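Visitor: According to full-length UniProt numbering, the residues represented by the sequence shown are 1 to 428, in order.
The C-beta atom is built at its ideal place from N, Cα and C for all residues, glycine as well.
Keep in mind it's a predicted model, so treat the numbers as computed, not measured.
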Amino acid sequence: MDKTESPGVAEGVDALTLNNVSDEKLDKVPNGVEATENEGDVVDPWNVASTNDEGIDYDKLIKRFGSSKIDEELIARFEKITGKQVHHFIRRGIFFSHRDFHSILTLKEQGRPFYLYTGRGPSSGSLHIGHLIPFYMAKWLQEIFDVPLVIQLTDDEKSLWKDLKVEESIKLAYENAKDIIAIGFDPEKTFIFNDFDFIGKCPAMYQNMVRIQKCVTFNQVKGIFGFGDSDIIGKISFPAVQAAPALSSTFPFIFKGKKPVHCLIPCAIDQDPYFRMTRDVAPRLGFPKCALLHSSFFPALQGAKSKMSASDNNSAVFLTDTQKQIKNKINKYAFSGGRATVEEHRKLGGNPDVDVAFQLLKFFLEDDTKLEEVRSAYIKGELLTGELKKLAIEVVSPIVEEHQKARKALTDEAVAKFFEIRSLKFAQ
Ligand code: TYM
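1) Can you find the residues in the same chain that come closer than 6 Å, C-beta to C-beta, to Asn194, ignoring five residues on each side of it along the sequence?
2) For Thr118, list the residues DSSP reports as bridge partners.
3) Less than 7 Å between the CB of Gly130 and some heavy atom of the ligand TYM, yes or no?
4) Is Met308 near the ligand TYM - that is, is its Cβ less than 7 Å away from at least one heavy atom of it?
5) Tell me which same chain residues have a C-beta within less than 6 Å of the C-beta of Thr250, skipping the five on either side of it?
6) What do you reckon, is the C-beta of Ile90 under 7 Å from a heavy atom of the ligand TYM?
7) Exposed or buried, what is Ala176 when buried is set at 16 or more other beta-carbons lying within 10 Å of its beta-carbon?
8) Within its chain, find whatever has a CB closer than 6 Å to the CB of Ala240; leave out the 5 residues flanking it on each side and keep chain order.
9) Does the ligand TYM have a heavy atom nearer than 7 Å to the CB of Tyr174?
10) Measuring alpha carbon to alpha carbon, tell me which of Lys405, Phe426, Val356 and Lys307 ends up nearest Asp41.
11) Below 8 Å, how does it come out for the region 247 to 265 and the region 117 to 134: are there three or more Cβ pairs, yes or no?
12) Pick helix, strand or coil for Lys69, following the three-state DSSP scheme.
13) Are the CB atoms of Leu424 and Phe191 within a distance shorter than 8 Å?
14) Flag Cys202 as yes when its Cβ comes closer than 7 Å to any non-hydrogen atom of the ligand TYM, and as no otherwise.
15) Could you have a look at Lys233 and say whether DSSP puts it in helix, strand or coil?
16) Pick out whichever of Lys63, Ile90, Lys362 and Ser230 has its Cα sitting closest to the Cα of Val395.
17) Below 7 Å, is the gap between the Cβ of Cys290 and the nearest heavy atom of the ligand TYM?
18) Tell whether a beta-carbon distance below 8 Å holds between Gly286 and Pro260.
19) Give the secondary structure of Val317 by DSSP, where H, G and I count as helix, E and B as strand, and everything else as coil.
20) Could you check if Tyr378 is buried or exposed, using at least 16 other CB atoms within 10 Å of its CB as the buried criterion?
21) Quick test of the definition: if touching needs 3 or more C-beta pairs under 8 Å, does the region 50 to 57 touch the region 72 to 85?
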């Protein structure tokens with residue numbers, strides 16, 4: 001949408017015409033799996049892989065997915081409207097792409113409401129530090145915009161994909177919720193739900209899931225997600241579950257009495273296929289298209305060819321890791337952009353772009369000046385790989401330690417508050 005255009009619900013949408021979805025239209029939605037495989041990068045909700053040492057080519061991904069780059073103009077507009085400097089994730093290009101973020105800024109300018117939505121698929125007992133990125137962004141956006149946030153825990157998704165028992169995924173969802181709450185979300189403005197519990201309690205959510213399911217054919221989900229004939233039917237219908245929270249009427253207890261409310265979703269770009277589908281369907285259901293802010297991936301410790309993933313213990317620093325484990329993992333596994341010998345490194349310098357210890361600093365060291373000093377010293381060969389790793393350990397260890405303290409301090413009542421079906425504070 002052009003930034004001068006006033007965002008709003010598609011006009012003249014008649015809920016009864018919703019079944020007349022043109023296959024042609026949805027099939028044109030770029031298919032992340034196929035398109036990227038042709039170019040050597042694979043990015044979809046289940047796989048992230050690149051053949052390049054520097055990782056995914058995000059500019060190409062923007063073109064293929066049809067999203068927009070977060071450019072200087074958008075950043076300047078954000079800073080003008082909010083009077084705040086953008087987060088270092090945006091300054092450093094970690095959040096690099098968006099859909100319709102101009103519309104959200106227009107809403108802010110006009111003092112009109114919107115809400116934030118993000119989520120986690122509980123596939124392990126603990127989050128890793130890569131998962132912190134969209135949640136840190138969600139927290140910062142919530143503080144800047146003073147809006148409600150809904151967080152979906154897709155325990156159903158992980159049960160379907162990971163062959164986890166239903167009961168096991170519910171337990172993991174609860175454990176993950178504690179990690180998320182420990183990040184410091186405001187309980188007055190944040191609602192957390194796990195699908196296995198919430199869908200039974202909230203008829204509006206199930207009704208919206210079915211409305212969405214009526215809009216999308218098997219051909220279309222095959223095109224978007226790459227499902228095949230032998231995939232279980234749970235997978236085929238699941239995208240509607242992740243789409244539903246992007247329609248505000250899914251939460252009548254939060255948005256009761258309000259017309260359809262715009263939704264902004266911070267996530268890494270692997271989740272985009274779900275929301276391409278959602279954006280296609282929403283106007284036909286009388287809702288605005290959700291806006292998105294896309295982050296790049298924190299790389300696996302082994303290097304940027306894959307993302308840090310909860311399925312591979314050695315690829316990730318988990319929020320449950322001890323200080324010793326963090327030190328050992330970074331020292332042992334963090335891919336180095338340094339040279340083979342100290343002499344060569346001093347002479348030719350290192351490459352911070354592929355160096356995972358430097359990436360840890362780029363994501364988690366807030367001080368821009370310090371980061372630039374480190375980058376420049378590494379490129380010049382003044383700073384050695386071992387020294388860079390030490391700096392990364394010094395930055396990451398306290399973040400994890402503080403997080404563990406905050407999590408430990410959480411009472412069952414404090415956690416239960418986030419899951420309570422209740423109204424949330426609305427600034428507008
Ligand atoms: P999940 O659990 O795979 O990931 C949770 C969030 O973390 C992002 N992410 C990463 N970001 C940076 N670096 C990484 N290495 C990395 N790995 C994962 C994901 O993009 C996601 O934002 N289906 C979803 C759960 C979900 C959701 C949502 C996510 C439900 N509704 C709405 C975002 C928005 C999932 O399994 O996420």
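Guide: A quick look at the data gives this:
1) Within the sequence shown, residue 194 is the residue found at index 194, counting from 1. Leu153, Asp155 and Ala173.
2) Reading the sequence shown from its first residue, position 118 is the one you call residue 118. Answer is Ile151.
3) Walking along the sequence shown from the start, residue 130 turns up at place 130. At least one heavy atom of the ligand TYM is nearer than 7 Å to the Cβ of Gly130, so yes.
4) Here residue 308 corresponds to residue number 308 of the sequence shown, with the count starting at 1. Result yes, Cβ under 7 Å from the ligand TYM.
5) One-based indexing of the sequence shown puts residue 250 at position 250. Taken in chain order, the residues that qualify are Ala204, Met205, Asn208 and Ala244.
6) The residue given as residue 90 occupies position 90 in the sequence shown. No.
7) Working through the sequence shown from its first residue, we reach residue 176 at position 176. The question names Ala, but residue 176 is Asn in the sequence shown. Burial call: buried.
8) Translated into positions along the sequence shown, residue 240 becomes position 240. Scanning its chain for C-beta atoms nearer than 6 Å, with the 5 sequence neighbours on each side dropped, one finds around Ala240 the residues Met209, Ile212 and Gln213, in chain order.
9) In the sequence shown, residue 174 corresponds to position 174, counting from 1. No, Cβ of Tyr174 sits at least 7 Å from all heavy atoms of the ligand TYM.
10) The residue you call residue 41 lines up with position 41 of the sequence shown. Selected option, being the one with the closest Cα: Lys307.
11) Enough Cβ pairs lie closer than 8 Å, so yes.
12) The residue you call residue 69 lines up with position 69 of the sequence shown. Strand.
13) Residue 191 sits at position 191 when you count from the first residue of the sequence shown. Residue 424 sits at position 424 when you count from the first residue of the sequence shown. Yes.
14) For this step, residue 202 is matched to residue 202 along the sequence shown. Every heavy atom of the ligand TYM is 7 Å or more from the Cβ of Cys202, so no.
15) Counting from one through the sequence shown, the residue named residue 233 turns up at place 233. Correcting the residue type first, residue 233 is Ile in the shown sequence and not Lys. Note: Ile233 maps to helix in three-state DSSP.
16) The residue you call residue 395 lines up with position 395 of the sequence shown. Measuring from the Cα of Val395, the nearest candidate turns out to be Lys362.
17) As a working note, residue 290 is residue 290 in the sequence shown. Not so, every heavy atom of the ligand TYM lies at least 7 Å from the Cβ.
18) Taking the sequence shown and counting its residues from 1, one reaches residue 286 at position 286. Taking the sequence shown and counting its residues from 1, one reaches residue 260 at position 260. Contact check for Gly286 against Pro260 passes: the beta carbons are separated by less than 8 Å.
19) By one-based count along the sequence shown, residue 317 stands at place 317. The three-state reading of DSSP puts Val317 in coil, since its state is none of H, G, I, E or B.
20) As a first step, residue 378 is located in the sequence shown; it is residue number 378 there, counting from the start. Classified as buried, Tyr378 has 16 or more neighbouring CB atoms from the shown chains inside 10 Å of its CB.
21) No: the two stretches stay apart, fewer than three of their Cβ pairs being nearer than 8 Å.
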